[in-house]
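Visitor: Numbering (mature numbering (1 follows the signal peptide of the UniProt record, and there is no 0)), first residue to last: -19 to -1, 1 to 616. Beta carbons: idealized from backbone N, C-alpha and C, even for Gly.
1. Rank 488, 91, 120, 87 by C-alpha distance to the C-alpha of residue 160 and give the top, closest one.
2. Going by C-alpha to C-alpha distance, which of 584, 324, 315 sits closest to residue 384?
3. What is the rounded straight-line gap between the Cα of residue 301 and the Cα of residue 426?
4. Where residue 327 and residue 589 are concerned, what is the direct C-alpha to C-alpha distance, given to the nearest angstrom?
5. Taking DSSP as the reference, what is the three-state secondary structure of residue 542?
6. Taking buried to mean at least 16 other C-beta atoms within 10 Å of its own C-beta, is residue 202 buried or exposed?
7. State the DSSP-derived secondary structure class of residue 610, mapped to helix, strand or coil.
8. Could you check if residue 166 is buried or exposed, using at least 16 other CB atoms within 10 Å of its CB as the buried criterion?
9. For residue 164, which three-state DSSP category applies?
10. Report all residues from its chain with a CB closer than 6 Å to the CB of residue 520; omit the five preceding and five following residues, and keep chain order.
11. With distances taken from CA atoms, which of 234, 584, 124 is nearest residue 176?
12. Tell me, please, whether the region 369 to 378 touches the region 303 to 323 by the rule of three or more beta-carbon pairs shorter than 8 Å.
13. How should residue 268 be labelled, buried or exposed, when 16 other C-beta atoms within 10 angstroms of its C-beta is the threshold for buried?
14. Give me the residue from 223, 37, 187, 297 with the minimum Cα distance to residue 83.
15. Would you call the CB atoms of residue 598 and residue 549 closer than 9 Å?
16. Whole angstroms is fine: what's the gap from residue 509's alpha carbon to residue 38's?
17. Give me, in chain order, the residues of the same chain whose beta-carbon lies closer than 7 Å to that of residue 602; leave out the 5 immediate sequence neighbours on both sides.
18. If the criterion is Cβ atoms closer than 9 Å, does the pair residue 296 and residue 537 meet it?
19. Check each candidate in 298, 207, 216, 478 and name the one with the smallest Cα separation from residue 463.
20. Any idea what DSSP makes of residue 32, helix, strand or coil?
21. Straight-line CA distance for residue 33 to residue 109?
22. Are the Cβ atoms of residue 136 and residue 127 separated by less than 9 Å?
23. Assign residue 448 to one of three DSSP states: helix, strand, or coil.
24. Between residue 214 and the rest of its own chain, which residues show a CB-CB distance below 8 Å, the 5 nearest in sequence each way excluded?
25. Under the rule that 16 or more other beta-carbon atoms within 10 Å means buried, what is residue 40, buried or exposed?
26. Can you give me the C-alpha to C-alpha distance between residue 78 and residue 560, rounded to a whole angstrom?
27. Beta carbon of residue 532, beta carbon of residue 609: below 9 Å?
28. Using C-beta distances below 6 Å, list every residue in its chain close to residue 173, excluding the 5 sequence neighbours before and after it, in chain order.
29. Only counting the same chain, and skipping five residues up and downstream in sequence, which positions put a Cβ closer than 7 Å to that of residue 408?
30. What residues are listed by DSSP as bridge partners for residue 537?
31. Does the beta-carbon distance from residue 482 to residue 551 come in below 9 Å?
32. Which of the three DSSP states is assigned to residue 125 in this structure?
33. Going straight from the alpha carbon of residue 467 to that of residue 535, what length do you get?
34. Hey, how far is the Cα of residue 390 from the Cα of residue 433?
35. Which residue from 171, 179, 158, 208 puts its Cα closest to that of residue 139?
36. With 16 as the cutoff for other CB atoms within 10 Å, does residue 199 come out buried or exposed?
Pasting the structure below:
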């Protein structure tokens, strides 16, 4: 399931066709007796509380001793995003043919001479609640479950490796038999489409070396692999049975059973709550700007400039300082440029998701599009991203070393992210996880970042330098004025913490589902809610930053640039706190590698959130300050 580039040709829109399908997501029409391929993916933990969160195990790990097809298995080509998220898809030994061998017990293989070490490895994975992840015609094999709140039936992706509950708590039972129910739809006579895959695993003990296939499970005789004994060798027979059931579900809606929303009222409550926060902020900021600022501007402009005495107060006192070059303008401009590039990436990715281009059949398409869009959005001048934004921001703030600024914009962010990912990948290798990114994939990322994104960012910086600095509405005094003591709540980090509460609160509920998707192997698909929440968070961060910038200027503190970025990115502080709380309340990380991996991924998430929301806050504050000082007369 390789991700394919999305392209359109206008003339093709007028060509008659029966249906339109996204690239890589077209249906496959099977004929009776045609082979149905079963692909196996890496095993992943199902529960959030697993000690080995984010650690995946290859299906063909030698310690599992699972059945291989004749001639050995072969890996299936995957997209860049699929590889980065730990997918390791390969062929299997299952022989399934459309509408044949219905309800016939089949022996997959008999695995002999399983030693004590291999038995303990399997039992440990069962205790950690690892699950199989099969793929059949682009659909994941699932278990049918009932939503206790609504009573709706849904397909829960993946099924357990074994059972360690109840009587099997001390010694787990291995699931060695799989009841496979294939749901199919017949769009035209003689053509069949797969619209659902259900698997019920069970543990069948007894004589494992018998010549007859046994598919009837008995709860009194499960298959238990012993972990003690000297040179004890055990045998496991793997069996399966396929049943075909016709379904009225068409191919176009087959994912509806998988993408089940647990209590959608939670999403709507979060969205309505966020909208209330935004409306409240917009009204509050509007009242301040329309009443206080308009009154101040009227009073300032009413003063007779011919008089010798001028009565200045509040934010007008710092009109000659407000556009003074801040400390470390290069660092600030680099952060703003990379933040703008990330904003563009998120926006385009959400548009792709809302239009339905990120089909769940194309595994890893979300991550792939994000990486590619981020790489190519380094030079798009009309969208003001990457090197262009950084270059113009640096020039506007009075920076002179523009070549160094362009170099830092193109290299600092990719180097930092790649360094963290590389270190986390080393921990995955040490932990023995098959989710470790292969060396070839790492080289692909390096090429995308440093071979494409960096040159395009340099081109964007060139055009930014060519356009030059944005002219300031007021002149900067040659001698900086003295700054009075600032109130405690306007100190940089205090203001960042206070201003970050509302943007974080606007995304609090939706953030839980995002965290569960990232760290608990759950699929996230509510992109409509996510897009609306992202818009609300952006408006909230912008209005809060404008409000705090106004308070800072009224306190005669003219160093607002860094404060605006920190105030806009204040939600990242609360995101970090929530990530630590999520760890303490929802996870049990028992190994040092798991702790390092979780904290590393959390750090990247916090960093990206800080850059995005900080950039939004800075740009909003800069726009407000320009509008404010453009409206008054300066003598």
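Guide: To lay it out plainly:
1. Here the closest residue by C-alpha is 87.
2. 315
3. 46 Å
4. 11 Å
5. helix
6. exposed
7. helix
8. buried
9. strand
10. Sequence-distant Cβ neighbours of residue 520 in its own chain, meaning closer than 6 Å and more than five residues away, are 259.
11. Per the Cα distances, 234.
12. yes
13. exposed
14. 223
15. yes
16. 33 Å
17. 526, 527, 530, 541, 545
18. Taking a C-beta distance under 9 Å as the contact criterion, residue 296 and residue 537 qualify as a contact pair.
19. 298
20. Its pLDDT being 41, under 50, residue 32 is placed unreliably by the model, and the measurement read from it follows with that caveat. If DSSP states are grouped into helix, strand and coil, residue 32 belongs with coil.
21. Low local confidence applies: a pLDDT of 43 at residue 33 is under 50, so the model's placement there is unreliable, with the coordinate-based value given in what follows. Computed Cα separation, rounded: 8 Å.
22. no
23. helix
24. 93, 94, 95, 96
25. buried
26. 46 Å
27. no
28. 11, 79, 165, 167
29. 574, 577, 578
30. Answer is none; residue 537 lacks a bridge partner.
31. yes
32. strand
33. 10 Å
34. 14 Å
35. 179
36. exposed
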